[in-house]
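Counted the way full-length UniProt numbering counts, the sequence shown spans residues 1 to 657. Shown next, in structure tokens, is the structure this report addresses.
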Amino acid sequence: MIKTIYQAFFLCIVPYFLQAQFIINSPMTRSVIQRNAANRAQLTIAGKAPGTAATIEARLIPMVVGQGTPSDWTLVATVNNDQTFRGTLPALGGWYRLEIRAKSATTVVADTAVNRVGVGEVFVIAGQSNAQGGIATDVPPAIDDRVSCIDFFQRDQIDTQTFPFLFSHVSAGASIGPSNAPYLWGILGDSLTKRLNVPILFLGAAQGGSNSTEWANSAAAAPITLPYQRVSATLLYYISRLGMRAILWHQGESDSGISEQTYFNNVNSLITKSRQQLSHSRLAWLVSRASYISGATNSQVISAQNRLSHEVADVYAGPATDGLIGPDNRVDDIHFGGQGLVRVANLWNQSLTDLFFSQSIPFTPSADTIWTDAGWQAVTSGTAFSSLQRVGYRYESSSHNFFLLVGSSSPVEGRLERLDSGDFTDTSWSVLSPTASSGYANPGFSDYGYLRFYAPGGVSPGRYRLSVRPVGDKGTGYQLETVLHDFRNTLFIGNEPTPPVQQGDLVIGSNLDLPQANFAAPGSVGNFVVNVFEVAGLPTSTGNVQLTITVPVGYTLAFAPTLTSINVSGGDHNPIVVTNGQWKVSQSVGARQLTLTMNLGAFIRGGGKSSLGFNITRTSANSGSTSFISVNAKDDLTTSYDDNQSSNVYVRIISGL
Numbered sequence: 001m002i003k004t005i006y007q008a009f010f011l012c013i014v015p016y017f018l019q020a021q022f023i024i025n026s027p028m029t030r031s032v033i034q035r036n037a038a039n040r041a042q043l044t045i046a047g048k049a050p051g052t053a054a055t056i057e058a059r060l061i062p063m064v065v066g067q068g069t070p071s072d073w074t075l076v077a078t079v080n081n082d083q084t085f086r087g088t089l090p091a092l093g094g095w096y097r098l099e100i101r102a103k104s105a106t107t108v109v110a111d112t113a114v115n116r117v118g119v120g121e122v123f124v125i126a127g128q129s130n131a132q133g134g135i136a137t138d139v140p141p142a143i144d145d146r147v148s149c150i151d152f153f154q155r156d157q158i159d160t161q162t163f164p165f166l167f168s169h170v171s172a173g174a175s176i177g178p179s180n181a182p183y184l185w186g187i188l189g190d191s192l193t194k195r196l197n198v199p200i201l202f203l204g205a206a207q208g209g210s211n212s213t214e215w216a217n218s219a220a221a222a223p224i225t226l227p228y229q230r231v232s233a234t235l236l237y238y239i240s241r242l243g244m245r246a247i248l249w250h251q252g253e254s255d256s257g258i259s260e261q262t263y264f265n266n267v268n269s270l271i272t273k274s275r276q277q278l279s280h281s282r283l284a285w286l287v288s289r290a291s292y293i294s295g296a297t298n299s300q301v302i303s304a305q306n307r308l309s310h311e312v313a314d315v316y317a318g319p320a321t322d323g324l325i326g327p328d329n330r331v332d333d334i335h336f337g338g339q340g341l342v343r344v345a346n347l348w349n350q351s352l353t354d355l356f357f358s359q360s361i362p363f364t365p366s367a368d369t370i371w372t373d374a375g376w377q378a379v380t381s382g383t384a385f386s387s388l389q390r391v392g393y394r395y396e397s398s399s400h401n402f403f404l405l406v407g408s409s410s411p412v413e414g415r416l417e418r419l420d421s422g423d424f425t426d427t428s429w430s431v432l433s434p435t436a437s438s439g440y441a442n443p444g445f446s447d448y449g450y451l452r453f454y455a456p457g458g459v460s461p462g463r464y465r466l467s468v469r470p471v472g473d474k475g476t477g478y479q480l481e482t483v484l485h486d487f488r489n490t491l492f493i494g495n496e497p498t499p500p501v502q503q504g505d506l507v508i509g510s511n512l513d514l515p516q517a518n519f520a521a522p523g524s525v526g527n528f529v530v531n532v533f534e535v536a537g538l539p540t541s542t543g544n545v546q547l548t549i550t551v552p553v554g555y556t557l558a559f560a561p562t563l564t565s566i567n568v569s570g571g572d573h574n575p576i577v578v579t580n581g582q583w584k585v586s587q588s589v590g591a592r593q594l595t596l597t598m599n600l601g602a603f604i605r606g607g608g609k610s611s612l613g614f615n616i617t618r619t620s621a622n623s624g625s626t627s628f629i630s631v632n633a634k635d636d637l638t639t640s641y642d643d644n645q646s647s648n649v650y651v652r653i654i655s656g657l
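Shown next, in the form of structure tokens:
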């Protein structure tokens with residue numbers, strides 16, 4: 001048996017996934033949908049089909065074997081008159097390649113896929129700077145591919161009209177939008193994926209320097225203001241579509257002089273507000289015990305934080321961090337850094353106990369609200385070239401420092417143009433430097449292979465066009481227009497490399513069950529069973545598997561689709577249960593050869609088998625003759641499921657006495 005793999009690359013043009021006019025709006029690559037208490041979620045699949053399509057089918061294949069449960073082809077939607085479609089696909093927790101195909105009757109007219117679609121755990125991070133991050137510079141990335149974020153940052157104001165739906169890996173330089181740096185969250189994400197074996201999505205809604213009174217007052221304001229606006233916008237814009245497990249709250253350092261009751265009331269009002277906004281009265285919060293700042297702690301704050309987890313339903317105790325002091329833990333006697341990041345992440349992991357995951361009630365959105373194509377996107381023109389993987393920038397509005405960042409499998413040129421009334425003259429094309437040798441080898445640029453640096457003072461805030469093209473190309477390139485925001489922002493994700501995805505494997509082997517293979521006289525009948533095994537752990541394609549059986553001259557072959565059990569000639573374990581009802585005869589050659597195809601909707605489960613019962617009758621075979629039965633199992637002509645035929649053929653001797 002040889003297991004086969006293939007390498008696939010896909011183009012994701014925000015917010016659509018497009019192949020030959022087969023457009024997928026939902027879900028987006030690297031998105032994570034919150035699973036429910038039963039480890040399940042409903043994936044909304046929406047888009048636009050080719051003109052001849054009538055139905056849409058989809059299935060899930062784990063990106064890595066063991067990181068999810070594969071599903072078989074399932075009908076998810078009927079195509080509307082305007083060629084749009086929308087439906088849902090049940091999914092268990094995991095990290096998947098979502099395969100989608102459009103069909104006209106039984107003919108596949110188009111297919112496509114979205115890599116890295118997650119069903120797992122979603123968290124919102126809120127509080128002040130030790131939740132937000134940005135102070136520590138030596139920040140490790142998430143190692144596990146399954147830790148996601150939305151790579152954008154809004155510092156001074158929240159504008160949901162420019163909230164993207166473009167998901168990224170939590171790398172060292174990524175922003176955890178809308179408001180956080182990567183900080184310790186990539187470390188925590190790795191710990192959680194290892195423990196839970198599901199993907200993790202973090203959304204950042206913290207604000208440095210904020211105190212609990214500011215949070216409470218902003219939540220009560222009409223309209224809602226900062227800092228609570230960061231949480232409010234995240235809940236209403238992202239969580240309403242994706243779902244979530246809990247809010248992770250770390251705040252208290254800025255509340256010197258506050259009374260225990262005031263702090264309790266302030267944070268309790270935020271908990272109540274968030275639950276009202278989602279109409280989910282049991283939305284979980286984890287509240288850190290945190291008050292340390294520059295050598296001082298506050299027992300009133302700690303007492304209030306303890307009371308919240310003891311007295312308010314569905315509030316759980318987060319990490320106690322006041323004991324993490326000294327230069328090995330805090331870079332400035334306030335903010336965590338170095339090994340302190342690892343230690344705080346470990347404390348968060350310990351607080352997110354198995355009991356918490358079993359008791360907390362996640363918010364899961366209804367199918368009517370899961371629309372992941374509603375995000376803002378940079379205005380684009382031109383065509384994304386095949387080697388282009390991602391485009392973004394890092395910006396500091398205070399100094400006008402600007403980095404144009406491009407991920408590409410080949411060298412690129414880039415330029416920047418001002419679109420509003422501001423002054424900017426450096427608009428020429430230039431070859432971007434490889435990041436590793438540019439002199440600006442910031443760990444935050446590790447997922448971008450090329451960059452161009454614009455010196456401080458040159459790029460003032462405003463609206464700009466970022467253009468990229470392959471070196472040697474003389475065209476206008478692929479262009480993205482955007483208003484600049486601070487820190488790192490990803491505008492485009494294209495051909496992101498993917499790991500090999502394992503295909504399934506059918507095996508006949510020696511599984512033809514006919515212990516008594518001798519036919520004594522003309523007219524004698526032998527009953528036998530063919531077992532078709534799937535051995536790679538992936539279910540077969542619905543209705544595609546074919547089985548061809550050929551008997552020699554002098555014998556005939558019969559198959560009854562209504563048969564449910566059979567007594568194998570000479571068998572020791574009769575009767576044998578068979579699944580003939582899953583199959584139909586699709587072709588016959590005389591009475592000596594039958595080709596059977598699995599019925600639409602029937603499939604062989606990963607690691608499972610299908611057993612078929614047949615009858616062989618000796619007609620004119622000579623006495624003393626020796627001949628062969630041959631059995632061949634395969635996928636359809638596209639071999640989209642199993643292109644390894646070496647293990648799919650079996651030959652068995654039969655004799656006429």
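Here a beta-carbon is modelled for each residue, glycine too, at the ideal position from N, C-alpha and C. Given the structure is predicted, the values throughout are model-derived calculations rather than measurements.
Measuring only the C-alpha atoms, how far is Phe528 from Thr84? 48 angstroms
Which residue or residues does DSSP assign as beta-bridge partners of His250? Gly127
Runs of alpha helix (DSSP H) lying entirely within the segment 249-297, each at least 4 residues, in chain order: 260-278
Give the straight-line distance between the Cα atoms of Ile654 and Val530, rounded to the nearest whole angstrom. 15 angstroms
Taking the beta carbon of Leu355 as the centre, do at least 16 other beta carbons fall within 10 Å, making it buried, or is it exposed? exposed
For Leu270, tell me which candidate among Leu75, Ser288, Tyr183 and Ser218 has the shortest Cα-Cα distance. Ser218
Note down, in chain order, each residue of its chain lying with its Cβ closer than 6 angstroms to the Cβ of Ile361, except the 5 sequence neighbours on either side. Arg282
Sort out for me which residues DSSP pairs Trp185 with in a bridge. Beta-bridge pairing links Trp185 to no other residue.
What runs of the alpha helix (DSSP H), each 4 residues or longer, lie entirely inside the segment 349-425? 354-359
How about Val532 and Ser610: do their beta carbons lie closer than 8 angstroms? yes
Taking the alpha-carbon positions, what's the Arg195 to Leu286 distance? 18 angstroms
State yes or no: is the C-beta of Tyr316 within less than 8 angstroms of the C-beta of Ala284? yes
Going by DSSP, what residue range makes up the beta strand (DSSP E) through Glu214? That residue, Glu214, is in no beta strand (DSSP E); its alpha helix (DSSP H) goes Ser212 to Ala220.
Can you list, in chain order, the residues of its chain whose CB lies under 7 angstroms from that of Thr435, leaving out five sequence neighbours each side? Ala441, Phe445, Tyr448, Gly449, Tyr450 and Leu451
Which runs of the alpha helix (DSSP H) fall wholly inside the segment 23-83 and span at least 4 residues, in chain order? none
Nearest to Gln339 (by Cα), restricted to the options Gly118, Gly295 and Val139: Val139
Between the C-alpha atoms of Ile616 and Thr540, what's the straight-line distance to the nearest angstrom? 28 angstroms
To the nearest whole angstrom, what separates the beta carbons of Asn115 and Thr234, a pair I think is in contact under 8 angstroms? So it is not a contact: roughly 25 angstroms between Cβ atoms.
Find out if the Cβ-Cβ distance for the pair Ile200, Val147 is shorter than 8 angstroms. yes
For residue 663, which three-state DSSP category applies? The requested residue 663 is not part of the displayed model; the chain covers only 1 to 657.
Continuous alpha helix (DSSP H) stretch holding Val231: start and end: Tyr228 to Thr234
Integer Cβ distance of Leu480 from Phe492, believed to fall under 8 angstroms: 6 angstroms
For Gln128, which residues from the same chain have a beta carbon less than 7 angstroms from its beta carbon, with the 5 sequence-adjacent residues on both sides left out? Ala206, Gln207, Gly208, Gly209, Ser210, Gln251, Glu253 and Ser254
Round the Cβ separation of Ile549 and Gly613 to the nearest angstrom and send it over; I've been treating them as touching at under 8 angstroms. About 11 angstroms separates the two Cβ atoms, so there is no contact after all.
Leaving aside the five residues before and after Ser630 along the sequence, list all residues of the same chain whose C-beta is less than 6 angstroms from its C-beta, in chain order. Thr550 and Val651
Continuous alpha helix (DSSP H) stretch holding Arg307: start and end: Ser299 to Glu311
Per the DSSP calculation, Asp111 is bridged to which residue(s)? Arg101
For Gln300, count neighbouring C-beta atoms within 10 Å of its own C-beta (all shown protein chains included) and say buried if the count is 16 or more, exposed if not. buried
Would DSSP call Phe603 helix, strand or coil? coil
Considering only the beta carbon of each residue, do Thr490 and Asp72 sit closer than 8 angstroms? no
Residue range of the unbroken beta strand (DSSP E) whose run includes Asn180: Segment: none, Asn180 is in no beta strand (DSSP E) and carries neither H nor E.
Which value, in whole angstroms, describes the spacing of the CA atoms of Arg343 and Leu184? 9 angstroms
Within 10 angstroms of its Cβ, does Arg390 collect 16 or more other Cβ (buried), or is it exposed? buried
In whole angstroms, what is the alpha-carbon distance linking Asn268 and Ala296? 24 angstroms
Given a cut-off of 8 angstroms on the beta-carbon distance, is the pair Tyr478 and Val468 in contact? yes
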